[in-house]
Every structure is written in C-alpha cells, then in structure tokens.
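In what follows, a single structure is set out as structure tokens and then discussed.
Protein chains: 2
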Amino acid sequence: MSDDTLREFIGYHIKRAFNVVQADLNQALKPLGLRMVTYSALVLIVDNPGLRQSQLAEALDVERANLVVIIDELEGRDLITRDRVPTDRRAYALNPTLAGRRLYDRALEAVRGHERRILNGMTEETKLAVIGAMSLIRQSSGGGSKGG
Amino acid sequence: MSDDTLREFIGYHIKRAFNVVQADLNQALKPLGLRMVTYSALVLIVDNPGLRQSQLAEALDVERANLVVIIDELEGRDLITRDRVPTDRRAYALNPTLAGRRLYDRALEAVRGHERRILNGMTEETKLAVIGAMSLIRQSSGGGSKGG
DNA sequence: TATTGTTATACTCTATAACTATA
DNA sequence: TATAGTTATAGAGTATAACAATA
C-alpha cells in the first residue's frame, strides 16, 4: 500500500501528526476531566481574568453558541465563575476560582509531559522552525479559519 | 488577550495551522464534490488499484464501518467500483473508473494549488524540516492514533 | 472461531437561525 | 439597530456492538 502521492503534501503530514498530538493530549488530560477545548479555555481564562465569552470564543475560534456548553462545564465544576459586567449588563466576565487555578497548574504539568513525549527528541532548533512554519501557514489565510 | 502560555506548546501551533489547512483544502475540493476523506480515499484507490476496504480503512485510520459510506459515495458517483475478489468472497477489491482517474488528476491539481497557497513562500528547506518533524511526532505514538 | 463488509446507533464537534436582554 | 449570551437543531465525524456471509 503506497501513499507516496499524498506524502508529497505538507498538509498530509500535518494532519497525521495532529491526529497523534490530539490523541496523546486527550489521554494526558483525561485524568483531570479536561478535553482539548476545556483545557484551552481554562488556560485563557486564568491568563486573562475578566475575559468575556465573545472574546474567548474568538480566541478559541469556536462559535459563541458552542462556547456556552464549554463554559457551562467549567462553571459547573466550580473552576470558573460568570460575573456580570456592571458597565455592560449583557456581558459576562469569566474569572477562575482557586480550584480553577489549581487545575490550571496540574493541566500545564500534564501538557508539558505530553509535549516531551510527542517531541520525541526533536532539537530546539527544529521545534522553533516548525513553530515559524506553522505561523506562516496560519498567516496564509485571512485569519478566522472554520469552514472545516 | 494573551495566549502566551499556549504558544509555548508546539501542539497549539500545529492545531491552529491544521485548522487553516483543512479549511482551505475543503474549499479547494468543494468544486469537485470532494471532502478531505473522499479525496484521500480516491487517491489511495487510484494509486493502489485492487485495494480492499479493510486495508483502505487502516491506511486512512478510519473504522471499517465508517468507510462504508465513504465508499458508497465514491461508488455512487461512478468514480470507483467494488469488485468481488475470487479468492476471498468476503472481500471487495476497490478499483478506479476512468471518471475516477480523471477526477484524481483534477483533484491533485487543485490540491497543489492549495499547497502553494498555504506554504505562503516557505523555503523548500523549511518544508522538508517540517515533514521530518511531523514524521518524528507520528513515530512518538505506537502507530494507530484515533482516541481523538 | 476469525474476518470482511454491513447496519444501526450514539456521542462529539461544529454551523446556523432565532430568541432575550440589554446597549 | 446592533451586540452578548442563549437555545434549538441539523450536519458532519467518529466509535461500538452486532449481524450475514465467508474463511
């Protein structure tokens, strides 16, 4: 079985690698009760307390409507709170709780272990080259991707 | 809004880049009535005529059960045929039709255009470094990913 | 007993439209 | 009129169990 034609394309290699990354990351996060999105959301809320849902949705590149259940999940576990914004009563400010900050620490530790695993002895130079290349690809599009 | 913590991770960059790749690829394939999976399946069948469904499922890393509808779609458009294998009457050999081979050519042309777009002026050297890095990541896992 | 293709099903993810309450 | 959050819903994608035909 030859996949030589597909191997010509960088996108094919990125897809296959991403499948491995996603599977291993979800395994690493499972003991913490987190998935890729809930983890990303938690990190952004801890790093940017007071963030609004619409800002978080844009940062995560998910629809506002779909973010609701993600936020519901984090709030239901008392990892974050939805706080009314006095100056704009339509909006909610998202803030981490103490438990949220603690899970953030544990999650980052788990994800660092996951990264060590997937990097698989890659040199720092190569890692930086990959990050540069991924940024270049991201810029090739307007910005918001979606359209999966 | 800072995503500095997430930017530390190569997985984050790969995910964002992959979103762009996937969106642009699907746009490129849409005029041909193909999606990423149906395109990959068609390419593998043209390059490996006589392939069995179970082999193709493994190559594409999808469940046999889910491959059925993908093959149904390609067969329904007369791009491939399901031919009984005389030596094993449980199995089907997948073969491209003339129309399938023609669409293969058009699809590859479309995907080459897509790649030029997303590579966005990337040097050949960097592209090869990325492919090497993606292969390294793929090897970090046992092999079959799934578990998304 | 095991395997190939299949059906049915369920669960996640994602996209869209429409609603409410505010601005 | 427009925006933030929400609800409902539909379409993909994907995973599992169970079946018929065949090995």
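Taken in order, these protein sequences are the chains called F and U. All residue numbers for the first sequence refer to our numbering, where the first residue is 1 and numbers rise by one. All residue numbers for the second sequence refer to our numbering, where the first residue is 1001 and numbers rise by one. For every residue, glycine included, the Cβ atom is placed at its ideal position computed from N, Cα and C.
Taking the CA atoms as reference points, residue 1094 of chain U sits about 13 Å from residue 1073 of chain U.
Relative to the Cα of residue 37 of chain F, the nearest Cα in the group F:60, F:30, F:24 belongs to F:60.
Under the Cβ criterion (8 Å, minimum of three pairs), the segment 25–45 of chain F does not count as touching the segment 1082–1094 of chain U. The beta carbon of residue 1054 of chain U does not come within 8 Å of any beta carbon belonging to chain F, so the residue lies off that interface.
Residue contact with chain F for residue 1048 of chain U: present (Cβ-Cβ distance below 8 Å to some residue of chain F).
According to DSSP, residue 95 of chain F shares a beta bridge with F:81. Proximity of chain F to residue 1113 of chain U at the Cβ level (cut-off 7 Å) is not reached, the minimal Cβ distance being about 12 Å. For residue 74 of chain F, the nearest beta carbon of chain U is not closer than 8 Å to its own beta carbon. Residues 1039 of the same chain have their beta carbon placed closer than 6 Å to that of residue 1029 of chain U, with the five preceding and five following residues left out of the count. Scanning its chain for C-beta atoms nearer than 8 Å, with the 5 sequence neighbours on each side dropped, one finds around residue 107 of chain F the residues 29, 32, 34, 39, 42, 43, in chain order. Per the DSSP secondary-structure output, residue 1051 of chain U pairs in a beta bridge with U:1094.
For residue 118 of chain F, the nearest beta carbon of chain U is closer than 8 Å to its own beta carbon. Not flagged as an interface residue toward chain F: residue 1089 of chain U, since no C-beta distance is shorter than 8 Å.
Listed along chain F, no residue sits closer than 7 Å to residue 1100 of chain U by beta-carbon distance, the nearest being about 14 Å off.
Contact between residue 133 of chain F and residue 1126 of chain U holds, with the beta-carbon distance rounding to 5 Å and staying under 8 Å. When F:103, F:1, F:135 are compared, the shortest CA-CA separation from residue 1050 of chain U is found for F:1. In the three-state scheme derived from DSSP, where H, G and I count as helix and E and B as strand, residue 1003 of chain U is classed as coil.
Taking 9 Å as the upper bound on Cβ-Cβ separation, chain F lies near residues 1004, 1005, 1006, 1007, 1008, 1009, 1010, 1011, 1012, 1013, 1014, 1015, 1016, 1017, 1018, 1019, 1020 of the segment 1004–1020 of chain U.
Around the Cβ of residue 128 of chain F, a 10 Å sphere holds fewer than 16 other Cβ atoms; the residue is exposed. Across the structure, residue 86 of chain F and residue 96 of chain F are spaced so that their CA atoms are roughly 18 Å apart.
Residue environment analysis places residue 65 of chain F among the exposed positions, since fewer than 16 neighbouring C-beta atoms fall within 10 angstroms of its C-beta. Membership of residue 15 of chain F in the alpha helix (DSSP H) is indicated by the continuous run 10–29. According to the DSSP assignment, residue 1072 of chain U belongs to the alpha helix (DSSP H) that extends over 1064–1076. Closest option to residue 1005 of chain U, judged by alpha-carbon separation, among F:12, F:18, F:48, F:24: F:48. For chain F, the residues of the segment 1020–1046 of chain U that bring a beta carbon within less than 7 Å of one of its beta carbons are 1020, 1021, 1022, 1023, 1024, 1025, 1026, 1027, 1040, 1043, 1044, in chain order.
In terms of Cα proximity to residue 1026 of chain U, the closest of U:1139, U:1110, U:1123, U:1136 is U:1110.
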